[in-house]
Amino acid sequence: MNDYTIGVIGLGNMGLPIAENLVNNGFPVTAYDIDPTRRSPNVALDYCDNLSEIVAKTARLLFSLPDYAAVLGVTEELSRIARAHPLEILDTSTIGPTGCERIAQLLVGTNITYMDSPVSGGVRGAKAGTLAVMCAGPAVLYEASLPHFEAFTANQFYIGERCGQAQVMKILNNFLSATALSASTEAILYGISQGLDIRRMCDVINVSTGINSATRDKFPQQVATGLFNAGFSNTLMLKDIELYLDGCTNAEAPHRLGEFVVQQWREFVADEPGADATKMFAFKKTE
5 MNDYTIGVIG LGNMGLPIAE NLVNNGFPVT AYDIDPTRRS PNVALDYCDN LSEIVAKTAR
65 LLFSLPDYAA VLGVTEELSR IARAHPLEIL DTSTIGPTGC ERIAQLLVGT NITYMDSPVS
125 GGVRGAKAGT LAVMCAGPAV LYEASLPHFE AFTANQFYIG ERCGQAQVMK ILNNFLSATA
185 LSASTEAILY GISQGLDIRR MCDVINVSTG INSATRDKFP QQVATGLFNA GFSNTLMLKD
245 IELYLDGCTN AEAPHRLGEF VVQQWREFVA DEPGADATKM FAFKKTE
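Have a look at this one:
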């Protein structure tokens, strides 16, 4: 077993390019996904057929899983099969602070060390190796994992010792992203109604005070082109901002605007579940 070998669990839109960047930066990577069709012949990964096989090959695992249920299922199985194998988990999934705390509690008394480490930057950032990673957990594990993080991210942030703190950072960021997309859609639609061009509006906004992630990237690249293929679904966005709203409620933090934004995304998902998040523009256009 190579000390630098890392096992990637979850080879979806984010996990596969993360694994590819690790390989491209010289790390041996072993990988597993519950769906074998996600194996790519173009990426030099050592594919495993089950979790027992991946545990036998590496002591450091990176999760890239869609939700809390998936993380819980994998973690429970690992805790059963890895009793003789000390493990380190870098969990890049977005599962919210409560979910993260439950996972950390599940691992108390085991030989598994867990790092809350969600990423931001979307599929494009994952492919380019320019993601941001936010980490919470043991500082020693964070420092030891930096070479791996640096292989697929441009920015690394240590948030704190308590698992869940990085999740808080991630979901508040995604709430801002969802809000920016919703608000920018309404503003751009108003401009269109008055004869303004989408690209020209973005040019002006992006050198003015209204600049945001939607006007800087999503509208020029996805909406104006008609592609609507940013690689992040409205269903996943709704999941993330509902985690944010739950967190605010539990913390008794202000969330009146959050309730309104979440309701907008619920309506969008009800209308077209699984659609690319940038199709919020098409949804609002028909309201």
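Heads up, the sequence shown is in our numbering, so the first residue is 5 and it goes up one at a time.
Heads up, the beta-carbon is just placed ideally off N, CA and C, and yes, glycines get one too.
As the crow flies, the alpha-carbon of R203 is around 12 Å from that of A218. Nearest C-alpha to L247 among G100, A48, Y8 and N17: G100.
DSSP, read as helix, strand or coil, puts S237 in strand. Look at the beta carbons and you see the stretch 263-270 touching the stretch 226-242: at least three pairs across the two are nearer than 8 Å.
Annotation for L150: the continuous alpha helix (DSSP H) segment containing it runs A143 to F156.
Here A48 carries a coil assignment [DSSP, helix/strand/coil]. The C-beta of N25 has 16 or more other C-beta atoms within 10 Å across all chains shown, which makes the residue buried. In this structure S121 touches C139 by the C-beta definition: roughly 4 Å separates them, less than 8 Å. Under a 10 Å Cβ-count criterion, Y194 is classified as exposed, with fewer than 16 other Cβ atoms of the shown protein chains found around its own Cβ. The beta carbon of P277 is closer than 7 Å to those of T239 in its chain, skipping five residues each way along the sequence. In its chain, beyond the 5 residues on either side, Y118 have a beta carbon closer than 6 Å to the beta carbon of L111.
The secondary-structure analysis by DSSP pairs N159 across a beta bridge with A136.
Ranking D53, T213 and L150 by CA distance to the CA of A136 puts L150 first.
In the displayed model, L66 falls within a strand according to three-state DSSP.
Remark: C-beta atoms of E105 and A63 do not approach each other more closely than 8 Å. Counted as a single uninterrupted DSSP element, the beta strand (DSSP E) harbouring V33 occupies residues V33 to Y36. Out of K289, G164, P258 and D95, the CA that lies nearest to the CA of L76 is found in D95.
Secondary structure of M119 (DSSP, three-state): strand.
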